[in-house]
Each structure stands twice: as C-alpha cells, then as structure tokens.
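When you line the sequence shown up against our numbering, it's residues 382 to 845, in that order.
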Amino acid sequence: MELTATPPAALRLPSLPAHLEEPGLGVLTDEPELLHELAAGVGGPYHLLFPERFDVAAAEFATAFRDAGVDGRVYFAKKSNKAACWVRRCAELGVGVDVASLGELRAALADGVRGDALVVTGPAKSEDLRRLAILQGCLLGVDALDELERVIELASGLGRARISLRCLPSREPASRFGLHETELLVALERCAQAPDAVRLEAFSFHLSGYEVAPRADLAGRLLGWCARARALGLPADAISIGGGFAVDYVDAAAWERFRTRLEPEHFHADRSFASYYPYHSPVAGARMLDAVLAATPEGEAESLATLLRRAEVALLCEPGRALLDQAGSTVFTVQGVKVRGDYGIVTVDGTSLSMSEQWFNSEFLPDPIVVPRDGRPASGSPFAACVAGASCLDCDMITWRKVTFPVRPQAGDLLVYVNTAGYQMDSNESPFHDLPLPPKIVVERRPGAARWRFDEHPGPGVRR
Ligand SMILES: *Cc1c(COP(=O)(O)O)cnc(C)c1O
C-alpha cells in the first residue's frame, strides 16, 4: 500500500526544528546542489564541518573572559570530535587543547599546538602519555595519589612536570574521578616536598550536567585550596572548571512541547528513553561562562570574577560541545521508504554508529532536514517517519522518534542531521558490515580557500 495522504501520525507529533546559523549550518539550506554533489562524489554518508563557526565560538569565550577582567584560558576538549580542522584552528587562534590519550596528544602536537597550550586530563594515564606530556611541557592533570607518585618519579628523569590536581566534587561523591579533600592535603604536602619534580599550577574539576551555580561554587571553594597551596610555597595560580557548557539546539517552545506531550506512540516500536540531553538551554556557550564568572560562589559575598582577580588566579575552561555548536552536520542518502501503519520508515545509507547518542541509550532529537533531489520542492504534504540505518540489526535506528517531514522523503533525497559536530559524529563509528565510514568534509567561505576539502585527519578506515 502506498500512502499518499498525510499520515495521521504527522498531525499529532511535536516537531523540534534545529537552529541554523551563519556562518555554519546556514549553508545547508542555501546550497542543496553542493550537498548532492558531495553525496554523489563520496558515494556514501559524510560529515560536514564548518571551522568558521568554531572561530566565532572561540572568540566569544575569549571575550567573556576579557569582559569580566579575568585572566582566562580556553582549551578545546578534543574528544568531542576527531577532525584535524578544529585543532588546526586552535593552533592558529592561540586556543589550547584538552587531550586524554597518547593519540590525541600526538595529533594535537602534529597539527601545530604547542605543548604548553595543552592540558592532559582523563583517569590514570599510560606511562607513554605522561612521558610525552612532561617532555612537551603540557599541564598534566593528576587524578590520584599513586599517579602523583608516578609523575614525581618520571619527572625526576625527564624534567619538571607542570601539574594540576583534579578534585572530586562533593556533589558527585560517586564519581570515579579526582581526589577528595583528605587526599588533596596529602598531595599538597607531596608537591611541596618535590619542587624539582612537579610544579603545582592548578586545581581542576569537570562536572556532569550544565548548571552554572555548582561550577561557580566549586571554583570558589578551590580558591581556598589555591591559598592553602600558596602557603606551602606552591604556585597554584589557576583553577580549571572543565567543560559542560550547554548548547542550545532548539527553541524553548518546541522543547517544552516535546517534553510535555511525550507519548510512547511518538516512537517506532513504542521505544522510550530514560533521559535526553537538554536540547534547549537559555544560557548556553560563552553566555554560560559569563554567568559562571558573574555568579557569587556559596559562602562568598562577591562574584567569582572579583574573587579570581583579587587572588590573581586564572580561570581555565575546557569546552568541547560548545565550541562545536553550529559547526557540523551529518548527511545521509535515503535508500528507501516503507510504510508501517500511519508512519514511514526511512532507511539511509549509514548507521546509528555515526550518531553516537544512540549508544548512550538516548537519541539525538533535533529534526533532520530532507534535501530532495532533482529540485523537487522541499515541502508538500507532511509525512511522519522514523529513520533506520542500513545494517541488519533491528536496533540500528538513527531516529526512533517519528519525525514530521515537510515532504515525503524518496530514494536519492538527502537526510541531513544538523549540529552533530559535538560528540555525535565519530565517537562510536566503526566499519560494521564493511559499510563505508563517512569522510569529514570541511566547508569554508574564506576568500582564497577551497569551497570544500577533506579534513586532514580522515580517521582509520575512512575512504576518500
Ligand atoms: C569531556 C570533558 C570536557 C568537555 O566537556 P563538554 O561537555 O564537551 O564541554 C572537558 N573536560 C574534561 C575533563 C572532560 O572529560
């Protein structure tokens, strides 16, 4: 049976249109021919990257520090996307990079970031990672007392290590990361005893969630730890508040409608998810940094910015997702559409491995966009459908939610998932079924630059 009329499901489903801004995702609606040309040339799904958008976000973070009169440093959390283009922009813009593995550290150095602009975070590290970090003068995050001993030992042969101590936040007592306060005291004593091996420069944390107040509170508390460390003669002139700067994907009203009207029947197979990323955030990106700096930490009478200035302590931050807002999209080609009752199943030429949210038992929600081929109009009768991957697994769904498309997708149309650069694209990709992995294509409008090019880091198994 062919469905020609509007399927009834389409009439009831709340939509979640994604924000599209220039420079960045705006290109998608302007240049459908380019998108089809690339799909034909690549012969499979691909990711688009817009480094100009990264520049905008990085400048906003720098401005937030400048406006607050705070000495601040931004480190891009590299794990959020593997492409080389971001790290290359960091090297040129003077933005630092946060790495957590030997591979990430090597890639950042190879793409031009200097060792002293790198922070090395993550849990207990490999000896090779610590060795390279010490030799390159990176700020090495120490996560445990035994790691501090390993660093002191290693540094005795290699030269002095710049270190930060990661703190276990009292609001996340079950976290496996960081040192609790009794351990911090021991760590300070050890640093004071080994001044030739380690230079304690900072205290750090990384909180889950996207709230302002807990970050300002903990930063305020760590100012006390800076004072304690300084009393022992240690430099301790920086605090890192980690990442977790929110991204605003959809507007407030759409998000509210989605959350309040959520029904199992809005999903294929009545699938339900325990939780979602907060796709709408009124205070996002660098505006969230403004808010952290302006907040009064618990037990204090002045703003965090004022307290930092007075103590002459710098604030470091490690945004990943927020620096990639509006900086990338993922493009699939529709292979077919079948009808299941009052909605359709659109199957595309890639898998949910290229949309990582599925692998965290959740789903990436902003509505994908249909870019019809052959100049067919992009709207007509609305059509409700979920989106499936090309693999043989029933669970390989890219979107379980029934999305209302403004037109019925057809084979050869493109389906674009927008704003996927932050964590969606490549954390989980693998060449399952020997399906081609999506290459990353950098699109820029700079005069003199190629309109598009392959990213310099294709990634293992990527055909290009
Ligand atoms: C993942 C991570 C970040 C980046 O988090 P975002 O939510 O992408 O901003 C920063 N710092 C540390 C230590 C991390 O583990």
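From the three backbone atoms N, C-alpha and C, an ideal C-beta is built for every residue, glycine too.
Given residue i, which residues of its chain have a CB within under 7 Å of its CB, disregarding the five upstream and five downstream residues?
i, result
"residue 811", "734"
"residue 804", "461, 702, 737"
"residue 463", "807, 838, 840"
"residue 677", "683, 684"
"residue 507", "483"
"residue 642", "395"
Helix, strand or coil, according to DSSP, for residue i in the structure here?
i, result
"residue 744", "coil"
"residue 669", "helix"
"residue 547", "strand"
"residue 558", "coil"
"residue 516", "helix"
"residue 794", "coil"
"residue 471", "helix"
"residue 533", "helix"
"residue 698", "strand"
"residue 816", "coil"
"residue 656", "coil"
"residue 849", "Residue coverage of the chain in this structure runs from 382 to 845, which leaves residue 849 outside it and unanswerable."
"residue 710", "strand"
"residue 840", "coil"
"residue 799", "strand"
"residue 491", "helix"
"residue 430", "strand"
"residue 752", "strand"
"residue 484", "helix"
"residue 715", "strand"
Taking the Cβ atom as the reference point for each residue, do residue i and residue j lie within a distance shorter than 8 Å?
i, j, result
"residue 836", "residue 823", "yes"
"residue 706", "residue 438", "yes"
"residue 578", "residue 537", "yes"
"residue 670", "residue 442", "yes"
"residue 826", "residue 793", "no"
"residue 330", "residue 709", "Since the first residue shown for the chain is 382 and the last is 845, residue 330 is missing from the structure and cannot be characterised."
"residue 395", "residue 648", "no"
"residue 620", "residue 584", "yes"
"residue 769", "residue 728", "yes"
"residue 739", "residue 730", "no"
"residue 542", "residue 515", "yes"
"residue 400", "residue 631", "yes"
"residue 513", "residue 483", "yes"
"residue 891", "residue 458", "For the chain, the structure presents residues 382 to 845; residue 891 sits outside this window and is missing."
"residue 511", "residue 532", "yes"
"residue 431", "residue 404", "yes"
"residue 658", "residue 636", "no"
"residue 665", "residue 629", "yes"
"residue 758", "residue 799", "no"
"residue 712", "residue 797", "yes"
"residue 662", "residue 627", "yes"
"residue 732", "residue 813", "yes"
"residue 420", "residue 795", "yes"
In chain order, what residues of the same chain lie with their CB nearer than 6 Å to the CB of residue i, ignoring the 5 residues before and after it?
i, result
"residue 625", "588, 591"
"residue 572", "579, 581, 615"
"residue 679", "598"
"residue 528", "505"
"residue 697", "454, 619, 621"
"residue 745", "736, 738, 805"
In the DSSP output, which residue or residues are listed as bridge partners for residue i?
i, result
"residue 479", "458, 500"
"residue 581", "544"
"residue 725", "720, 766"
"residue 522", "545"
"residue 587", "According to DSSP, residue 587 bridges with nothing at all."
"residue 887", "Past the edges of the chain, shown from 382 to 845, lies residue 887, and the structure says nothing about it."
"residue 737", "None, per the DSSP bridge assignment."
"residue 835", "822"
"residue 780", "768"
"residue 829", "The partner list for residue 829 (beta bridge, DSSP) is empty, contrary to what the question assumes."
Leaving aside the five residues before and after residue i along the sequence, list all residues of the same chain whose C-beta is less than 8 Å from its C-beta, in chain order.
i, result
"residue 675", "449, 684, 685, 686"
"residue 765", "388, 390, 391, 394, 723, 724, 725, 783, 784, 785, 786"
Within the structure, which residues are defined as neighbours of ligand 1 by a Cβ-heavy atom distance below 5 Å, reported in chain order?
Those residues, listed in chain order, are 458, 461, 502, 587, 623, 624, 625, 699, 700, 701, 702.
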